[in-house]
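Numbering (this note's numbering), first residue to last: 506 to 828. For glycine and all other residues, C-beta sits at the position ideal for the given N, C-alpha and C. Since we're looking at a predicted model, the values are computed, not measured.
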């Protein structure tokens, strides 16, 4: 009697099944492990095209490529950004050098790690029919400006005083300053990009553009506790910013760069295209320029002494400063 056996179905060895299971599990875990390995960094930011290198590095993945998980918290102004660092709720912020200098001189746990750009691009803007032609003509005039400690306000104030043209500062910046200029509530406004370009495209004219030409503009500042506990991540952060600087400087008015600037700041594209080439991004700190600004803050009574090299992070000595 013949016994008919059913053909045996091929079986996968148990070891192969186990290997396949492990591979699948590994593939599923890769994204989670990658996220866990990333260093989280919080940036407090008062949005402006002056911080374009931050936005480019974030948008194009330059931070992520270096294992950094960077989030940006929007603030209303530079002082609010500084306060988030002091309270420990943020790790980095971009600011006018004077904001950082005053904070550090007065004991805040902050250090400058990098320049953002030079020169200062803030200038005095007046109406086309303005009687102001020389610095002496500023005498008694109402001039809008963000703050008496803004480096451009300082430089124009000092130059005007020397020429006998001391003016009255109205604390206004950006959009409100342009609105006041249009309403003739002020005689002029000290503006930064992109507001300078917005005003120029409306027919307003720039006066004395060279006064602030040798002044450094904006610094990147970090919380000292973060620097000490994350020195390598901090350096990678600035490396990503340098990569962004390179891209921007190749073509500041490219469609890609302008689109990122519009996305993060909401500024009009035509103004960004008009003025972006004025923003000369760099990471090397202008130490003499920063020191001169500290001396001006002493003269204004905002700080008692020039902090000198205490302003800067030791972690970046020989990298962005002290070369």
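For residue i: DSSP bridge partner residues
| i | result |
| --- | --- |
| residue 616 | 727 |
| residue 822 | 826 |
| residue 622 | 722 and 786 |
| residue 710 | 631 |
| residue 696 | 628 |
| residue 817 | 617 |
| residue 597 | 548 and 727 |
Boundaries (first-last residue) of the beta strand (DSSP E) holding residue i
| i | result |
| --- | --- |
| residue 672 | Segment: none, residue 672 is in no beta strand (DSSP E) and carries neither H nor E. |
| residue 579 | 573 to 579 |
| residue 648 | 647 to 650 |
Rounded straight-line distance, which links the Cα of residue j to that of residue i
| i | j | result |
| --- | --- | --- |
| residue 603 | residue 802 | 8 angstroms |
| residue 590 | residue 614 | 8 angstroms |
| residue 742 | residue 799 | 26 angstroms |
| residue 576 | residue 548 | 6 angstroms |
| residue 567 | residue 819 | 24 angstroms |
| residue 684 | residue 564 | 32 angstroms |
| residue 783 | residue 650 | 20 angstroms |
| residue 587 | residue 598 | 7 angstroms |
| residue 770 | residue 752 | 18 angstroms |
| residue 686 | residue 704 | 9 angstroms |
| residue 813 | residue 688 | 43 angstroms |
| residue 674 | residue 734 | 42 angstroms |
| residue 538 | residue 737 | Annotation note: pLDDT 47 at residue 538 (below 50); position unreliable, coordinate value reported separately. Residue 538 and residue 737: Cα-Cα distance of roughly 19 angstroms. |
| residue 642 | residue 555 | 30 angstroms |
| residue 804 | residue 745 | 37 angstroms |
| residue 544 | residue 572 | 6 angstroms |
| residue 690 | residue 634 | 15 angstroms |
| residue 558 | residue 666 | 35 angstroms |
| residue 777 | residue 707 | 14 angstroms |
| residue 535 | residue 792 | Note that residue 535 scores a pLDDT of 49, beneath 50, so its modelled location is shaky; the value from the coordinates is reported in the next line. Taking the straight line joining both Cα atoms gives about 44 angstroms. |
The alpha helix (DSSP H) enclosing residue i, as first and last residue numbers
| i | result |
| --- | --- |
| residue 804 | 792 to 805 |
| residue 605 | 602 to 610 |
| residue 545 | Taken as a continuous stretch (DSSP letters only), residue 545 belongs to no alpha helix (DSSP H), being part of the beta strand (DSSP E) at 544 to 550. |
| residue 587 | 583 to 591 |
| residue 751 | 736 to 755 |
| residue 681 | 679 to 687 |
| residue 763 | 760 to 770 |
| residue 691 | Looking at the DSSP string, residue 691 is not in any alpha helix (DSSP H), and its letter there is neither H nor E. |
| residue 558 | 557 to 564 |
| residue 641 | Neither: residue 641 is in no alpha helix (DSSP H) and is coded neither H nor E. |
| residue 665 | 656 to 667 |
Beta-carbon gap between residue i and residue j smaller than 8 angstroms
| i | j | result |
| --- | --- | --- |
| residue 618 | residue 789 | no |
| residue 628 | residue 786 | no |
| residue 610 | residue 808 | yes |
| residue 721 | residue 794 | yes |
| residue 679 | residue 631 | no |
| residue 681 | residue 772 | no |
| residue 579 | residue 552 | yes |
| residue 654 | residue 701 | no |
| residue 841 | residue 672 | The requested residue 841 does not occur in the structure, where the chain is confined to residues 506 to 828. |
| residue 606 | residue 660 | no |
| residue 828 | residue 732 | no |
| residue 612 | residue 728 | no |
Residue i: CB within 7 angstroms of a non-hydrogen atom of the ligand PLP
| i | result |
| --- | --- |
| residue 740 | Ligands in the displayed structure: none, and consequently the ligand PLP is not present. |
Min CB distance residue i to chain C below 8 angstroms
| i | result |
| --- | --- |
| residue 756 | In the displayed structure, chain C is absent; only one protein chain is listed. |
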